[in-house]
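S.K.:
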Amino acid sequence: MTGAIDRVLNHALLAFFALMALGPIAGVVLVALHPPDAPISGLALPDGLDLSSFRLAWREGGFGHSLQSSAIIAGTTVLASSVLAILAGYAFATMRFRGATALFYVFLFGLLMPFEATIIPLYYDFRGLGLTDTYWAVILPSTGLSIAFGTFWMRAFFLSAPRSLVEAARIDGASSLTVLLRILLPFGRPAVLTMVLLVFMWTWNDFLLSLVMLSGQNILTAPLSLAFFQASRETHIQLVAAGAIIVAAPVLAVYLVLQRQFIRGVVSGSVKL
Amino acid sequence: MAPVRFERVHKRFGDVVAIHELTLDIADGEFMVLVGPSGSGKTTALRLVAGLEALSGGHIHIGARCVDRLPPKRRDIAMVFQDYALYPQMTVYDNLAFGLRVAKVPRDEIRRRVDVAAEVLGLGDLLRRKPRQLSGGQRQRVALGRALVRQPQAFLMDEPLSNLDAKLRVQTRGEIKRLHAEIGTTTVYVTHDQVEAMTMGDRIAVMNEGRLEQVGDPDTVYHQPANTFVAAFVGSPAMALNAVDVVTGDGQVTLVRDRLRLVVARAACDLPARAMLGVRPEHARLWSDDAGLVGPVDGQVEYVEALGRETFIGVAAPGGARFVLEADGAYRIRIGEHVRFGFIPGRLHVFHPDTGAALGRL
Amino acid sequence: MTQATASADAPLASGRSSTWVRLSRRTEAPPGEPRRIGYLYILPALLVYGAFVLVPFAHTAWLSLHEWDGVTSPTWAGLENYRSVLTDPHVRATFGHALVLIVFYSLLPLVLGLVLAASLSRMRVRGLTFFRAVLFLPQVVSLVAVGIIWKWILGPEGSLNQALRGLGLESAARPWLGDFGWALPSIGLVGTWVMYGLAMVLLVAGVQKIPASLYDAARVDGAGPVREFFAVTLPWVRNEVVVVLVLTTTTALRSFDLVYVMTQGGPGTTTEVPSYRLYTAAFQTGQAGLGAAIGITLAIVIFALAFAITRIGERRAA
Numbered sequence: 459m460t461g462a463i464d465r466v467l468n469h470a471l472l473a474f475f476a477l478m479a480l481g482p483i484a485g486v487v488l489v490a491l492h493p494p495d496a497p498i499s500g501l502a503l504p505d506g507l508d509l510s511s512f513r514l515a516w517r518e519g520g521f522g523h524s525l526q527s528s529a530i531i532a533g534t535t536v537l538a539s540s541v542l543a544i545l546a547g548y549a550f551a552t553m554r555f556r557g558a559t560a561l562f563y564v565f566l567f568g569l570l571m572p573f574e575a576t577i578i579p580l581y582y583d584f585r586g587l588g589l590t591d592t593y594w595a596v597i598l599p600s601t602g603l604s605i606a607f608g609t610f611w612m613r614a615f616f617l618s619a620p621r622s623l624v625e626a627a628r629i630d631g632a633s634s635l636t637v638l639l640r641i642l643l644p645f646g647r648p649a650v651l652t653m654v655l656l657v658f659m660w661t662w663n664d665f666l667l668s669l670v671m672l673s674g675q676n677i678l679t680a681p682l683s684l685a686f687f688q689a690s691r692e693t694h695i696q697l698v699a700a701g702a703i704i705v706a707a708p709v710l711a712v713y714l715v716l717q718r719q720f721i722r723g724v725v726s727g728s729v730k731l
Numbered sequence: 004m005a006p007v008r009f010e011r012v013h014k015r016f017g018d019v020v021a022i023h024e025l026t027l028d029i030a031d032g033e034f035m036v037l038v039g040p041s042g043s044g045k046t047t048a049l050r051l052v053a054g055l056e057a058l059s060g061g062h063i064h065i066g067a068r069c070v071d072r073l074p075p076k077r078r079d080i081a082m083v084f085q086d087y088a089l090y091p092q093m094t095v096y097d098n099l100a101f102g103l104r105v106a107k108v109p110r111d112e113i114r115r116r117v118d119v120a121a122e123v124l125g126l127g128d129l130l131r132r133k134p135r136q137l138s139g140g141q142r143q144r145v146a147l148g149r150a151l152v153r154q155p156q157a158f159l160m161d162e163p164l165s166n167l168d169a170k171l172r173v174q175t176r177g178e179i180k181r182l183h184a185e186i187g188t189t190t191v192y193v194t195h196d197q198v199e200a201m202t203m204g205d206r207i208a209v210m211n212e213g214r215l216e217q218v219g220d221p222d223t224v225y226h227q228p229a230n231t232f233v234a235a236f237v238g239s240p241a242m243a244l245n246a247v248d249v250v251t252g253d254g255q256v257t258l259v260r261d262r263l264r265l266v267v268a269r270a271a272c273d274l275p276a277r278a279m280l281g282v283r284p285e286h287a288r289l290w291s292d293d294a295g296l297v298g299p300v301d302g303q304v305e306y307v308e309a310l311g312r313e314t315f316i317g318v319a320a321p322g323g324a325r326f327v328l329e330a331d332g333a334y335r336i337r338i339g340e341h342v343r344f345g346f347i348p349g350r351l352h353v354f355h356p357d358t359g360a361a362l363g364r365l
Numbered sequence: 108m109t110q111a112t113a114s115a116d117a118p119l120a121s122g123r124s125s126t127w128v129r130l131s132r133r134t135e136a137p138p139g140e141p142r143r144i145g146y147l148y149i150l151p152a153l154l155v156y157g158a159f160v161l162v163p164f165a166h167t168a169w170l171s172l173h174e175w176d177g178v179t180s181p182t183w184a185g186l187e188n189y190r191s192v193l194t195d196p197h198v199r200a201t202f203g204h205a206l207v208l209i210v211f212y213s214l215l216p217l218v219l220g221l222v223l224a225a226s227l228s229r230m231r232v233r234g235l236t237f238f239r240a241v242l243f244l245p246q247v248v249s250l251v252a253v254g255i256i257w258k259w260i261l262g263p264e265g266s267l268n269q270a271l272r273g274l275g276l277e278s279a280a281r282p283w284l285g286d287f288g289w290a291l292p293s294i295g296l297v298g299t300w301v302m303y304g305l306a307m308v309l310l311v312a313g314v315q316k317i318p319a320s321l322y323d324a325a326r327v328d329g330a331g332p333v334r335e336f337f338a339v340t341l342p343w344v345r346n347e348v349v350v351v352l353v354l355t356t357t358t359a360l361r362s363f364d365l366v367y368v369m370t371q372g373g374p375g376t377t378t379e380v381p382s383y384r385l386y387t388a389a390f391q392t393g394q395a396g397l398g399a400a401i402g403i404t405l406a407i408v409i410f411a412l413a414f415a416i417t418r419i420g421e422r423r424a425a
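Residue numbers (my numbering), protein chains in the order written: chain X, 459 to 731; chain C, 4 to 365; chain G, 108 to 425.
In structure tokens, the structure reads:
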């Protein structure tokens, strides 16, 4: 029909929405590229690529430390939750044991449950044990929640594997662990990768848990340090902007490199919901 | 190599009975085909032998051992799946070697067996490739190879040819038979294709709704079907089955249906008042006076299938009876035309009208 | 011992083994099939999940029935906290604010997503991967950073006001986040910005799998674009719509990060959301019991909403 007009219109629509999405982010990058003392008013293009704001923000915001902490926390959470979720998801998908369905619903509960419903006792219990303000205070609850998602995700993947594959392996004499490690997992790299990316992203960006568990004396996660930083430097928008970029950068970098995997994973995953 | 025995095997899935008291003896080295429509229980029976399903009752013996409680890997069997189930991330070599490695067979022995299997199946060039780089036929051979290297007491094959195109199917059929002739391992082969069953089996076991309808060599099953189910299932085009009334009297039997009357010479068995009459197409011919046929019957042509080598004519006869005639490939006739035909004596199958059991031939 | 049975699915009579079939527990396990070992596989995950998610949840529920300042012993309060949640104007208002946010976080992105999906429904767009990657960006950035970005844009001298002034709409320019009436919608709009990309990506993907033949059939039947949308497009993306709604409403009901960074609940209490109120109650004003009750209520609302959405989605299918 009106193919050409349709096509132009569609591209225009897409471009508009994409621009809207990109705009604010690009704007912040531009702001951050201004030197720390220059006056900024709204949309302003920098005179040159000045990284001094970044350097100042880095030093004053202690982002070096907080990025490292975030990396440790996110890395550990991803590792622990992935391993446990793979094992649990595998069992739910391939083994028939009593109460499996009920137990799976128990895990599913964690997918929807708002995290706010658990932080209060988590904080006070950890404090009672003297464990607030440690990495574990953030890692353990994060892992718990990620396991809910991960188990659902990996179970969905293992369910999609042909049953005859597992049966052939069983006839060949493979144990359940061998089947998992040597046959199903190598097959499942994309699914595992997507799960790793999503858990990494969510854990890195988490704010509430870190805010509650970490007082800021010892450890800060990147978003937490950013929040404190911006609270104390409201007027120096360039520094705050630079801080925001620094904090968002790692996830953005991972995203840019692996975005096809990311999005494909999210899209296919929503079908399984 | 060993015999396989089903002893009163019973299998239930929840409330549904998949197999009713199956008893079947498969001789050492025999190629036994389990054939039947979907839901007949043939694949379930195979999986019970493999140990992929648990028995609800009865016993299964492989060789001298009762394997009821043994897991698949201890039963010394190998299975070829319908979708081949090749390990996707491994090379063909690793696919073949996997089971042996798990069993901790020494490396050079593995190499030796894989090489032999590869040569027998023509896989030599493909050993380094991965399954996704192979064609359907090649994958099928790798699946066969995987079973071969295990050197088991019995091969179990679950419709291995159904994913191949027609030509490849015929070719591979021959190869599997050839392999069996060479190696001689007991093979239990499941298929829904009765042509496959007839051409490949030493004996075939016809199954229907979890019951064994008949077991025997292809000839016997074809010419002496035990009941209407087997009669209709085996053979293509299918045997024509029609209900008739039986009139016995002074040395002859007359089969009656409406205006259809077939007078047959002395019958050698006791026939009930009603029966099912079965005739295969090749035993229903165009009428000719000096051919010694039973008949004549007048009917009307319903359809014509000219297949080149022969022509099948679907005929509507009096009383709503239907038959299929076989004629020479060059013969032509049109739909709606009148046709006169008869049957070769001794080839009229009579079955019990209610149970369907075979009563004899007239 | 009770023999509880899950219902049997279709029997494996023909054994087509390409999918997994859940069988009644009355079916005995084949020898050697891993069954009980399943518990072992699940155990570690269950332990961590149980200890840090389930137990705290139960603990929160228990706490919600008490009054506690976080220091001394909790005192029994029965359903008093829940009464507060339902009747205290401030607390109730937070849930009202959350509902307003749902419109922005959820309904608006859904509509935008459907519009885009509908317009893209019949064609393959070149460069879709690129657009998807950009549209999805707001989901990737930390909400703290998002809050900072938008705080700047919506500031008195921020880009929005600048643009308005530039367009000659001086009177429209205002301190968005400091305005009693506009603060909440402003946060809502930020939420729209964060979520619409997700909605679009999911819905466009859903729409792309509609077979072209359906559209052709509709067109042959003489359907215009609007009719086409309701008759062909919408039913097919039902699942995606459900997913988008569940994800977005859940986010809307939580939205702690943005509020904390942008307005701290203000001006006044106009942007207080339940999670923020929970935070202040539990950690600042010594009302941990109330906070717990808010948390449980929030959970109940989310579950109920998700349940309702899925049910409606399924019912349309029937």
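The beta-carbon is built from N, C-alpha and C at its ideal position, and this holds for glycine as well.
Give every residue of the same chain whose Cβ lies closer than 8 Å to the Cβ of residue 413/G, excluding the five residues on either side of it in the sequence, and list them in chain order.
M.R.: Along the third sequence, one-based indexing puts residue 413/G at 306. Exclusion of the five residues before and after residue 413/G leaves 353, 356, 357 as the residues of its chain whose Cβ lies within less than 8 Å of its Cβ.
S.K.: Taking 8 Å as the limit between beta carbons, can you name the residues of its chain near residue 13/C, skipping five residues before and five after?
M.R.: Walking along the second sequence from the start, residue 13/C turns up at place 10. Closer than 8 Å at the Cβ level, and outside the excluded window around residue 13/C, lie 20, 22, 23, 24, 25, 58, 59, 60, 61.
S.K.: Can you find a CB in chain X that lies within less than 8 Å of the CB of residue 227/G?
M.R.: Taking the first residue of the third sequence as position 1, residue 227/G is located at position 120. It does; some Cβ of chain X falls within 8 Å.
S.K.: Name the one or two DSSP bridge partners that residue 342/C has.
M.R.: Position 339 of the second sequence, counted from the first residue, corresponds to residue 342/C. Paired residues: 302/C.
S.K.: When DSSP builds the beta bridges, which residues end up paired with residue 183/G?
M.R.: Here residue 183/G is taken as the residue at index 76 of the third sequence, counted from 1. Its beta-bridge partners are 173/G.
S.K.: Determine whether the beta carbon atoms of residue 349/G and residue 224/G lie at a separation below 8 Å.
M.R.: The residue labelled residue 349/G in the question sits at position 242 within the third sequence. The residue labelled residue 224/G in the question sits at position 117 within the third sequence. Not in contact: residue 349/G and residue 224/G (Cβ atoms no closer than 8 Å).
S.K.: With H, G and I counted as helix, E and B as strand and the rest as coil, what does DSSP make of residue 166/C?
M.R.: By one-based count along the second sequence, residue 166/C stands at place 163. Residue 166/C falls in the coil class under three-state DSSP.
S.K.: Just to confirm, are residue 570/X and residue 202/G a CB contact at a threshold of 8 Å?
M.R.: Residue 570/X sits at position 112 when you count from the first residue of the first sequence. Residue 202/G sits at position 95 when you count from the first residue of the third sequence. It is not a contact, given that the beta carbons lie outside the stated cut-off.
S.K.: Would you say residue 130/G faces chain X, with C-beta separation under 8 Å as the test?
M.R.: The residue given as residue 130/G occupies position 23 in the third sequence. Residue placement at residue 130/G is flagged as unreliable, the pLDDT there being 48, under the threshold of 50; the coordinate-derived value follows with that caveat. At least one chain X Cβ lies under 8 Å of residue 130/G.
S.K.: So, helix, strand or coil for residue 68/C, using DSSP?
M.R.: Sequence index remark: in the second sequence, residue 68/C carries index 65 (1-based). DSSP places residue 68/C in strand when its eight states are reduced to three.
S.K.: Identify every residue that forms a DSSP beta bridge with residue 317/C.
M.R.: If you number the second sequence from 1, residue 317/C lands on position 314. Under DSSP, the beta-bridge partners assigned to residue 317/C are 306/C, 327/C.
S.K.: For the alpha helix (DSSP H) that residue 617/X lies in, which residues bound it at each end?
M.R.: Indexing the first sequence from 1 puts residue 617/X at position 159. Looking at the DSSP string, the run of the alpha helix (DSSP H) that includes residue 617/X is 593–617.
S.K.: Would you call residue 56/C buried or exposed, if buried means 16 or more other Cβ atoms sit within 10 Å of its Cβ?
M.R.: Translated into positions along the second sequence, residue 56/C becomes position 53. Buried.
S.K.: In three-state terms, what does DSSP make of residue 344/G?
M.R.: As a position in the third sequence, residue 344/G is number 237, starting the count at 1. Three-state result, residue 344/G: coil.
S.K.: Does any C-beta atom of chain G lie closer than 8 Å to the C-beta of residue 10/C?
M.R.: Position 7 of the second sequence, counting from 1, holds the residue named residue 10/C. Chain G contact via Cβ: absent.
S.K.: Please report the residue range of the beta strand (DSSP E) in which residue 14/C lies.
M.R.: Locating residue 14/C in the second sequence gives position 11, counting from the first residue. That run of the beta strand (DSSP E) goes 7–16.
S.K.: What in chain X is Cβ-close to residue 405/G, meaning under 7 Å?
M.R.: Numbered from 1 along the third sequence, position 298 holds the residue referred to as residue 405/G. Correct list: 572, 574, 575.
S.K.: With DSSP as the reference, label residue 230/C as helix, strand or coil.
M.R.: The residue given as residue 230/C occupies position 227 in the second sequence. If DSSP states are grouped into helix, strand and coil, residue 230/C belongs with the strands.
S.K.: When the Cα atoms are used, what is the spatial distance from residue 654/X to residue 152/G?
M.R.: The sequence position of residue 654/X within the first sequence is 196, counting from 1. The sequence position of residue 152/G within the third sequence is 45, counting from 1. Residue 654/X and residue 152/G: Cα-Cα distance of roughly 16 Å.
S.K.: Opposite residue 650/X in the DSSP bridges: which residues?
M.R.: On the first sequence, position 192 is the one that residue 650/X refers to. Looking at the DSSP assignment, residue 650/X forms no beta bridge with any residue, so it has no partner.
S.K.: Are there 16 or more other CB atoms within 10 angstroms of the CB of residue 275/C, so buried, or fewer, so exposed?
M.R.: To locate residue 275/C, count along the second sequence from 1; it is residue 272. It counts as exposed.
S.K.: With residue 547/X as the anchor, note down where its alpha helix (DSSP H) starts and where it stops.
M.R.: Numbered from 1 along the first sequence, position 89 holds the residue referred to as residue 547/X. That run of the alpha helix (DSSP H) goes 521–552.
S.K.: Check whether chain C comes within 8 Å of residue 139/G, counting only Cβ atoms and requiring the distance to be less than that.
M.R.: For the purposes of this step, residue 139/G is taken as residue 32 along the third sequence, with counting starting at 1. Yes, contact with chain C.
S.K.: Give a yes or no on whether 8 Å exceeds the smallest Cβ distance from residue 492/X to chain G.
M.R.: Looking up residue 492/X in the first sequence gives position 34. It does not: the Cβ of residue 492/X has no partner Cβ on chain G nearer than 8 Å.
S.K.: Please state if the CB of residue 240/C and the CB of residue 327/C are separated by a distance shorter than 8 Å.
M.R.: Numbered from its first residue, the second sequence carries residue 327/C at position 324. Numbered from its first residue, the second sequence carries residue 240/C at position 237. In this structure, residue 240/C lies closer than 8 Å to residue 327/C by Cβ.
S.K.: Would residue 723/X be called buried (16 or more neighbouring beta carbons within 10 Å of its own) or exposed?
M.R.: Position 265 of the first sequence, counting from 1, holds the residue named residue 723/X. By the 10 Å Cβ count, residue 723/X comes out buried.
S.K.: Measure from the alpha carbon of residue 296/G to the alpha carbon of each residue in 362/G, 228/G, 175/G, then state which is nearest.
M.R.: For this step, residue 296/G is matched to residue 189 along the third sequence. When only C-alpha atoms are compared, the closest one is 362/G.
S.K.: Residues of chain B with CB under 8 Å from residue 366/G, in chain order?
M.R.: No chain B is part of this structure, whose protein chains are labelled X, C and G.
S.K.: Is the shortest distance between the beta-carbon of residue 631/X and the beta-carbons of chain C less than 8 Å?
M.R.: For this step, residue 631/X is matched to residue 173 along the first sequence. Output row for residue 631/X: interface = yes.
S.K.: Quick one: what does DSSP say residue 286/C is sitting in, helix, strand or coil?
M.R.: Within the second sequence, residue 286/C is the residue found at index 283, counting from 1. Correct three-state label for residue 286/C: helix.
S.K.: Can you give me the start and stop residues for the alpha helix (DSSP H) that residue 304/G sits inside?
M.R.: Stepping through the third sequence from its first residue, residue 304/G is reached at position 197. Segment 290–315, the alpha helix (DSSP H) holding residue 304/G.
S.K.: According to DSSP, simplified to helix, strand and coil, what is residue 189/C?
M.R.: Looking up residue 189/C in the second sequence gives position 186. The answer is strand: DSSP assigns residue 189/C an E or B state.
S.K.: To the nearest angstrom, how far is it from the Cα of residue 599/X to the Cα of residue 180/G?
M.R.: Against the first sequence, residue 599/X aligns to sequence position 141. Against the third sequence, residue 180/G aligns to sequence position 73. If I take the Cα positions, the gap works out to 25 Å.
S.K.: Does the beta carbon of residue 563/X sit closer than 8 Å to a beta carbon anywhere in chain G?
M.R.: By one-based count along the first sequence, residue 563/X stands at place 105. Answer no: the Cβ-Cβ gap between residue 563/X and chain G never drops below 8 Å.
S.K.: Checking 8 Å against the spacing of the C-beta atoms, do residue 167/G and residue 396/G come in under that value?
M.R.: Looking up residue 167/G in the third sequence gives position 60. Looking up residue 396/G in the third sequence gives position 289. Result no, Cβ atoms of residue 167/G and residue 396/G do not sit closer than 8 Å.
S.K.: Between which two residues does the beta strand (DSSP E) harbouring residue 243/C extend?
M.R.: For the purposes of this step, residue 243/C is taken as the residue at position 240 of the second sequence. Counting along the chain, the beta strand (DSSP E) containing residue 243/C begins and ends at 243–252.
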